[in-house]
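What follows is a set of notes on a single structure, which appears directly below.
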Amino acid sequence: MISLNGKVALITGASRGIGAATARLFANAGARAIVINYHSNRAAADAVRDDCVAAGADVLTVRADVGRASSVRSMVGKAVERFGRLDIVVANAGIWKGAAIEEMTEAEWDETIDTNLKSVYATCSAAAAQMIAQGGGRIITVSSTAGQRGEAFHSHYAASKGGIISLTKALASELGPKGIFVNSVAPGWVDTEMSAEALTNRAERKKIVSLIPLQRVATAEDVAGPILFLASDLSNGITGEILNVNCGSVLCG
Ligand SMILES: NC(=O)c1ccc[n+]([C@@H]2O[C@H](COP(=O)([O-])OP(=O)(O)OC[C@H]3O[C@@H](n4cnc5c(N)ncnc54)[C@H](OP(=O)(O)O)[C@@H]3O)[C@@H](O)[C@H]2O)c1
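According to our numbering, the sequence shown is numbered sequentially starting from 2.
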């Protein structure tokens with residue numbers, strides 16, 4: 002019943018983790034074509050490409066630093082040149098680094114804000130131009146519980162994710178009249194390389210899990226499912242929504 006038949010999707014940061022799980026799920030849901038963006042991990046991106054092709058999707062793999070607007074514009078241009086349109090964009094790529102505020106350098110602040118927040122501006126801007134021209138589309142951003150309640154020693158990360166939430170709501174009102182849906186998924190802890198350092202420490206993991214009502218950490222596939230829902234016609238009445246995918250760890254809207 003849930004189907005992306007005939008749709009063209011672009012996913013940033015699709016070489017690993019949530020982005021990779023989303024690309025595979027989109028291919029299995031019948032997407033016609035998928036643009037797989039990566040930054041440095043070509044081998045991982047190629048493995049995702051092979052799985053998507055095996056599921057029947059046409060795939061374009063593009064290396065681009067999402068923190069640079071010109072790279073993102075060029076990537077979106079390549080996608081439209083190859084597939085003729087762009088129906089779904091998932092602004093997912095991100096980094097999670099730690100630093101106490103009194104020691105955080107300007108370079109550390111800029112790296113996180115550029116990669117996590119400027120990237121979403123750049124992706125939405127380039128995608129919106131194409132989607133307005135073609136009469137509609139769907140944008141899904143990937144924020145975080147950190148953007149809702151803050152996160153000590155990751156203040157740049159929390160600020161970037163709070164920015165994504167506001168940007169998502171602003172663009173939902175701005176682009177709704179043009180047939181473009183803009184929603185966000187806000188994951189809590191997810192088992193990916195991003196969180197591996199904290200989650201492979203047994204004592205740390207036990208402490209984290211003890212605070213989660215479902216008593217487990219989400220998988221990348223747990224997050225990809227709601228992204229697919231927001232990318233599909235089953236969510237036709239939803240825009241500007243922040244959909245929590247956190248196994249109950251943060252109960253806010
Ligand atoms: N994991 C969690 O616990 C968690 C919780 C809440 C929110 N999130 C959010 O979910 C999203 C995905 O996270 P994840 O856990 O799947 O992370 P991950 O496993 O570390 O994967 C990150 C992805 O982003 C790409 N990327 C990083 N910097 C990039 C850049 N400058 N340009 C283009 N691509 C870049 C990576 O590409 P390469 O492979 O080429 O490096 C990779 O594909 C992020 O926005 C993250 O903040 C994650």
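Beta carbons: idealized from backbone N, C-alpha and C, even for Gly. Source: prediction; values computed, not measured.
Inset, instruction - With a cut-off of 8 Å on the beta carbons, I'd call I12 and F230 a contact; round off their distance for me. - result: The residue you call residue 12 lines up with position 11 of the sequence shown. The residue you call residue 230 lines up with position 229 of the sequence shown. I12 to F230, Cβ: 15 Å. No contact.
Legend entry - Heavy atom of ligand 2 within 7 Å of S156 beta-carbon: Summarising the ligand content, the structure contains ligand 1 and does not contain ligand 2.
Inset, instruction - Could you please give the first and the last residue of the uninterrupted alpha helix (DSSP H) stretch that includes V54? - result: Along the sequence shown, one-based indexing puts residue 54 at 53. Its alpha helix (DSSP H) spans residues R43 to A55.
Legend entry - For H155, the residue or residues it bridges with in DSSP: Taking the first residue of the sequence shown as position 1, residue 155 is located at position 154. H155 is bridged to A100.
Legend entry - Per-residue burial, F154 [other beta carbons within 10 Å of its own, 16 or more giving buried]: As a first step, residue 154 must be located in the sequence shown, where it is residue number 153. It is exposed - the Cβ of F154 has fewer than 16 other Cβ atoms within 10 Å.
Legend entry - Own chain partners of I243 with C-beta closer than 6 Å, once the 5 adjacent residues on each side are dropped: Residue numbering aside, residue 243 sits at position 242 when the sequence shown is read from its first letter. Same-chain partners within the cutoff: I166, S185 and A187.
Inset, instruction - Give the DSSP-derived three-state secondary structure of S185 in the structure shown. - result: Position 184 of the sequence shown, counting from 1, holds the residue named residue 185. Residue state, collapsed to three classes: strand.
Inset, instruction - Could you name the residues that DSSP lists as bridge partners for D59? - result: Here residue 59 corresponds to residue number 58 of the sequence shown, with the count starting at 1. Bridge partners of D59: A34.
Legend entry - Nearest neighbour of R139, chosen from W110, D192 and C125 [CA to CA]: Stepping through the sequence shown from its first residue, residue 139 is reached at position 138. For the residues W110, D192 and C125, the minimum Cα distance to R139 belongs to C125.
Legend entry - Near ligand 1: I96 beta-carbon under 7 Å from a heavy atom: For the purposes of this step, residue 96 is identified with residue 95 of the sequence shown, where counting begins at 1. It does: the Cβ of I96 is within 7 Å (strictly closer) of some heavy atom of ligand 1.
Inset, instruction - Quick one: grab the DSSP three-state call for T13. - result: Here residue 13 corresponds to residue number 12 of the sequence shown, with the count starting at 1. Coil.
Inset, instruction - With DSSP as the reference, please indicate the residues paired to T142 in a beta bridge. - result: The residue you call residue 142 lines up with position 141 of the sequence shown. Paired residues: A92 and S185.
Inset, instruction - Can you check DSSP and say which residues form a bridge with R64? - result: As a position in the sequence shown, residue 64 is number 63, starting the count at 1. Y39, per the DSSP bridge assignment.
Inset, instruction - Note down the Cα distance separating S161 from P214, rounded to an integer number of angstroms. - result: Looking up residue 161 in the sequence shown gives position 160. Looking up residue 214 in the sequence shown gives position 213. Computed Cα separation, rounded: 26 Å.
Legend entry - Unbroken beta strand (DSSP E) run spanning V246, endpoints: Taking the first residue of the sequence shown as position 1, residue 246 is located at position 245. Per DSSP, V246 belongs to the beta strand (DSSP E) from I243 to V246.
Inset, instruction - Could you tell me the distance, in whole angstroms, from the CA atom of V143 to the CA atom of N117? - result: What you label residue 143 is simply residue 142 of the sequence shown in a count that begins at 1. What you label residue 117 is simply residue 116 of the sequence shown in a count that begins at 1. Taking the straight line from one Cα to the other gives about 9 Å.
Inset, instruction - Name the residue from N93, R69 and V63 whose alpha carbon lies nearest to the alpha carbon of K79. - result: Taking the first residue of the sequence shown as 1, we reach residue 79 at position 78. Selected option, being the one with the closest Cα: V63.
Inset, instruction - Pull up the DSSP beta-bridge partners for N6, would you. - result: Along the sequence shown, read from residue 1 onward, the residue named residue 6 stands at position 5. Its beta-bridge partners are A32.
Legend entry - Nearest candidate by alpha-carbon position, reference Y158, set W110, L172 and L168: Translated into positions along the sequence shown, residue 158 becomes position 157. It is W110.
Legend entry - Beta-carbon proximity list for N247, same chain, < 8 Å, skipping 5 on both sides: In the sequence shown, residue 247 corresponds to position 246, counting from 1. If we look at N247 and ignore the five residues flanking it on each side, its Cβ neighbours are T146, A187, P188, G189, W190, I213 and A219.
Inset, instruction - Compute the Euclidean distance between the alpha carbons of A232 and E205, then round it to the nearest angstrom. - result: As a first step, residue 232 is located in the sequence shown; it is residue number 231 there, counting from the start. As a first step, residue 205 is located in the sequence shown; it is residue number 204 there, counting from the start. Spanning the two alpha carbons is a distance of roughly 34 Å.
Inset, instruction - Tell me whether the beta-carbon of A34 lies closer than 8 Å to the beta-carbon of V9. - result: Working through the sequence shown from its first residue, we reach residue 34 at position 33. Working through the sequence shown from its first residue, we reach residue 9 at position 8. In contact: A34 and V9 (Cβ atoms closer than 8 Å).
Legend entry - Cβ of A80 within 8 Å of any chain C Cβ: The question asks about chain C, but that chain is absent: this structure has only one protein chain.
Inset, instruction - Mind checking which residues open and close the alpha helix (DSSP H) that includes R83? - result: Numbered from its first residue, the sequence shown carries residue 83 at position 82. Run containing R83: A70 to F84, per the alpha helix (DSSP H) assignment.
Inset, instruction - Kindly examine ligand 1 and report whether one of its heavy atoms sits closer than 7 Å to the Cβ of E104. - result: Walking along the sequence shown from the start, residue 104 turns up at place 103. For ligand 1, not one heavy atom lies less than 7 Å from the Cβ of E104.
Legend entry - Cross-strand partners of A219 (DSSP beta bridge): Indexing the sequence shown from 1 puts residue 219 at position 218. Looking at the DSSP assignment, A219 forms a beta bridge with V191.
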